[in-house]
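For reference, the structure is listed below as structure tokens.
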Amino acid sequence: MANVFTGKSLTVIDDLSIEERKYLFEKTRILKKAIQEDDKQTMDKFRINDKDFGIYEVFLESSTRTKESFRNAANFHQVKLSDLAVETSSFNKGESYADTFNTLAGYRNAIFIVRSKIEGVCRWLEEETQAFAKRNNLKRKPAFINAGDGKHEHPTQELLDEFTFLEENNWSFKNIHLALVGDLYHGRTVHSKADGLKIFESVTVDLIAPPELAMPDYYKIKMKENGFKLREFSSIEEYLNQDNIAKIWYFTRPQLERMGEQILKKQEELRRSITFKKEFIRKLPENTRFYHPLPRHRKHPTIPSFLDGTTLNGWESQSINGMYVRIVLLSMIAG
Ligand code: ASP
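Structural data, given as structure tokens:
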């Protein structure tokens, strides 16, 4: 699929311009319809032609949806997919990121899909592996996709979130009023929204989190610079006690693995202020939809499972969209 993004890396959401994102959404809309209707001719137009191309998944943090949707996307493209078995690799003998990725880049042309705790690691690895390819006269330019880097960004989640909001709101880029609820401090998916939501002409974001889990100033400043209107609330209860309630709610789970000891001690109390309760339903505006990048904690979900069968449930279709968006992203990078 010839386009200007060929060969590029997606390390933060802004690596894709607004026009490129709109192009991706339009293509995703076509591809999703083609897959649902089993329209093989249209599906073939999306497939990566260069079968020497491979996908390398390197996940240094846990994942279900991102990893498996990319794996299914690779199956769709019928390209080789390798998954570095991190636990049994030399990474576990203390090998550096650079040595590990240079080794993989030496074997074949690949798009690397990387999840790691280290913020910004994909941009740095792109430079490292390109210098390695040059030293070794390899005619390749490895591309990287950030599948989540610490509490920094999760650009492919952002793409599927934006696609879902558009799909469920008549493809209007005009305005969006969104409530972000949960662990806004440690959650990377909400940080990608600071640039992600720029696709909309007018943006209002309500931030709902206790002070310990509040959105970092860096992202709040970025949102304001991007012209977003911001409001802050410390609990769902407080938010529902005012008039201007959003119809699009985006929840994130408390990111226990990223919390310091002091915050961990208070996790139960913090969780209470960001967990949706049955009695709140009647306060919601008509046609409200809830989204969540998932996972939900099986014992303490902030969106409890009694909501699964209600019209609030937008998180299931959101999750399904992940594969479609990632198929198209891979075709755009492979060219
Ligand atoms: N799956 C998302 C992520 O990797 C959300 C989460 O883990 O809470 O960031």
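Its first residue numbered 555, the sequence shown is counted upward by one per residue in our numbering.
Glycine included, every Cβ here is placed at the ideal spot set by N, Cα and C.
Keep in mind it's a predicted model, so treat the numbers as computed, not measured.
Straight across, the Cα-Cα distance linking residue 626 with residue 795 is about 43 angstroms. In this structure, residue 847 sits away from residue 809, with a CB-CB distance that is not shorter than 9 angstroms. In terms of side-chain proximity, the C-beta atom of residue 868 is found no nearer than 8 angstroms to any non-hydrogen atom of ligand 1. Counting only the Cα atoms, residue 645 lies some 12 angstroms from residue 613.
Every alpha helix (DSSP H) stretch that sits fully inside the stretch 613 to 643 and reaches 4 residues is listed by chain position as 619 to 631. Residue selection by CB proximity (closer than 7 angstroms to any heavy atom of ligand 1) returns 617, 619, 620, 702, 708, 711, 741, 742, 743, 806, 807, 809, 847, 848, 849 in chain order. Contact annotation: residue 797 and residue 767 have beta-carbon atoms that are not nearer than 9 angstroms. In this structure, the straight-line span from the alpha carbon of residue 652 to that of residue 676 is close to 11 angstroms. In this structure, the alpha-carbon of residue 851 lies about 34 angstroms from that of residue 632. Taking a contact to require three or more Cβ pairs closer than 8 angstroms, the stretch 694 to 703 and the stretch 606 to 621 qualify as touching. Annotation: residue 730 is outside any alpha helix (DSSP H); the continuous beta strand (DSSP E) that includes it extends over 729 to 736.
With a contact defined as Cβ atoms closer than 8 angstroms, residue 839 and residue 783 miss out at about 18 angstroms. Counting the other Cβ atoms within 10 Å of the Cβ of residue 733 gives 16 or more, which makes it buried. Of the other Cβ atoms in all chains shown, fewer than 16 fall within 10 Å of the Cβ of residue 834; this residue is therefore exposed. Residue 831 and residue 660 have their alpha carbons spaced roughly 53 angstroms apart. With three or more CB-CB distances shorter than 8 angstroms, the stretch 740 to 757 counts as touching the stretch 707 to 718.
Apart from sequence neighbours up to five positions away, the residues of its chain that approach residue 765 with a beta-carbon distance below 8 angstroms are 788, ordered along the chain. Closest option to residue 760, judged by alpha-carbon separation, among 731, 568, 780: 731. Counting the other CB atoms within 10 Å of its CB gives residue 803 a total of 16 or more, which places it among the buried residues. With respect to residue 582, residue 881 sits close: the two C-beta atoms are nearer than 9 angstroms. In this structure, residue 698 keeps its C-beta atom at 9 angstroms or more from the C-beta atom of residue 885.
For residue 698, the beta-bridge partners assigned by DSSP are 666.
The DSSP assignment places 729 to 736, 756 to 762, 783 to 787 as complete runs of the beta strand (DSSP E) inside the stretch 709 to 794, in order along the chain (cut-off: 3 residues). If you keep only unbroken alpha helix (DSSP H) runs of at least 4 residues inside the stretch 787 to 841, you get 790 to 794, 815 to 819, 821 to 827. For residue 608, the three-state secondary structure derived from DSSP is strand.
Annotation for residue 583: the continuous alpha helix (DSSP H) segment containing it runs 572 to 590. Buried is the label assigned to residue 712, since at least 16 other Cβ atoms lie within 10 Å of its Cβ.
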